[in-house]
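Residue numbering for the sequence shown follows our numbering, beginning at 1432 and increasing consecutively.
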Amino acid sequence: ARLAELLGVDHLSSGSMIRGEVASGSELGRRVAPLVERGELVPDELVLSVVEPALARGLADHGGYVLDGFPRDVAQAKALDALGRRPGRGDRAHDLGPELVLWLDVGADECRRRLLARSAIENRSDDAARTIDRRLAAYELETAPVLAYYEDAGIVVVVDGVGAPELVEGRVAAAAGAA
């Protein structure tokens, strides 16, 4: 959220958008609620149905966005890239795909510690101890290959995500050119 503020663009969290759908009781929210409760990944087409309009609004309103928590697998990364290559879209103003991927490098133990702390503070069901290991395993299997996908595209900057929040924020801002 701070990076988006520094850049003057929208912060779009796929997880927050999905939880918002669940809280609203929408048809989509009712479909994904059991998955969220179990800490499972929401199917691509459902996530894209929420993410795509938010990306378009971010570009239209502020010329960009910070997308957090998406894509989580290579299929989602390819789908995100394809949003910018639809007929009628050829310039950056209409290309919804990423220009830069910041990859926060944080080990599994630190992730587990942070998620458990967040669960205690925010009372989030998707941060319950029983779902954290499942989410970390899904990350290793499905999300980690996204790094290689975007490295091949030459748009990845790896940032050390361990340390005091203000230190990590400075690293992220510098990597994004916002410092």
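We put the CB at the ideal spot given by N, CA and C, even for glycine.
Inter-residue CB distance, residue i and residue j (contact presumed, cutoff 8 Å)
{"i": "L1472", "j": "R1503", "result": "6 Å"}
{"i": "V1505", "j": "S1445", "result": "About 16 Å; that fails the 8 Å criterion."}
{"i": "D1441", "j": "G1500", "result": "No, D1441 and G1500 are not in contact; Cβ-Cβ is about 14 Å, not under 8 Å."}
{"i": "D1536", "j": "V1589", "result": "5 Å"}
{"i": "Y1580", "j": "A1508", "result": "5 Å"}
Limits of the alpha helix (DSSP H) - the one that residue i falls within
{"i": "L1466", "result": "E1458 to R1469"}
{"i": "L1490", "result": "D1475 to H1493"}
{"i": "T1562", "result": "A1560 to A1569"}
{"i": "A1607", "result": "Neither: A1607 is in no alpha helix (DSSP H) and is coded neither H nor E."}
{"i": "A1432", "result": "Where A1432 is concerned, there is no enclosing alpha helix (DSSP H), given that its DSSP letter is neither H nor E."}
{"i": "V1453", "result": "S1445 to S1455"}
Beta strand (DSSP E) segment containing residue i, residue limits
{"i": "Y1496", "result": "Y1496 to D1499"}
Residue i in three-state terms, based on DSSP
{"i": "V1440", "result": "coil"}
{"i": "V1587", "result": "strand"}
{"i": "D1536", "result": "strand"}
{"i": "G1528", "result": "coil"}
{"i": "P1502", "result": "coil"}
{"i": "A1513", "result": "helix"}
{"i": "L1472", "result": "coil"}
Rounded separation between residue i and residue j - CA only
{"i": "L1443", "j": "R1469", "result": "23 Å"}
{"i": "S1480", "j": "A1435", "result": "22 Å"}
{"i": "A1459", "j": "G1608", "result": "It is worth fixing the name first, because residue 1459 is Leu in this sequence and not Ala. So the alpha carbons of these two residues sit roughly 36 Å apart."}
{"i": "A1560", "j": "G1495", "result": "35 Å"}
{"i": "L1514", "j": "A1487", "result": "10 Å"}
{"i": "E1600", "j": "V1593", "result": "10 Å"}
{"i": "D1564", "j": "V1453", "result": "23 Å"}
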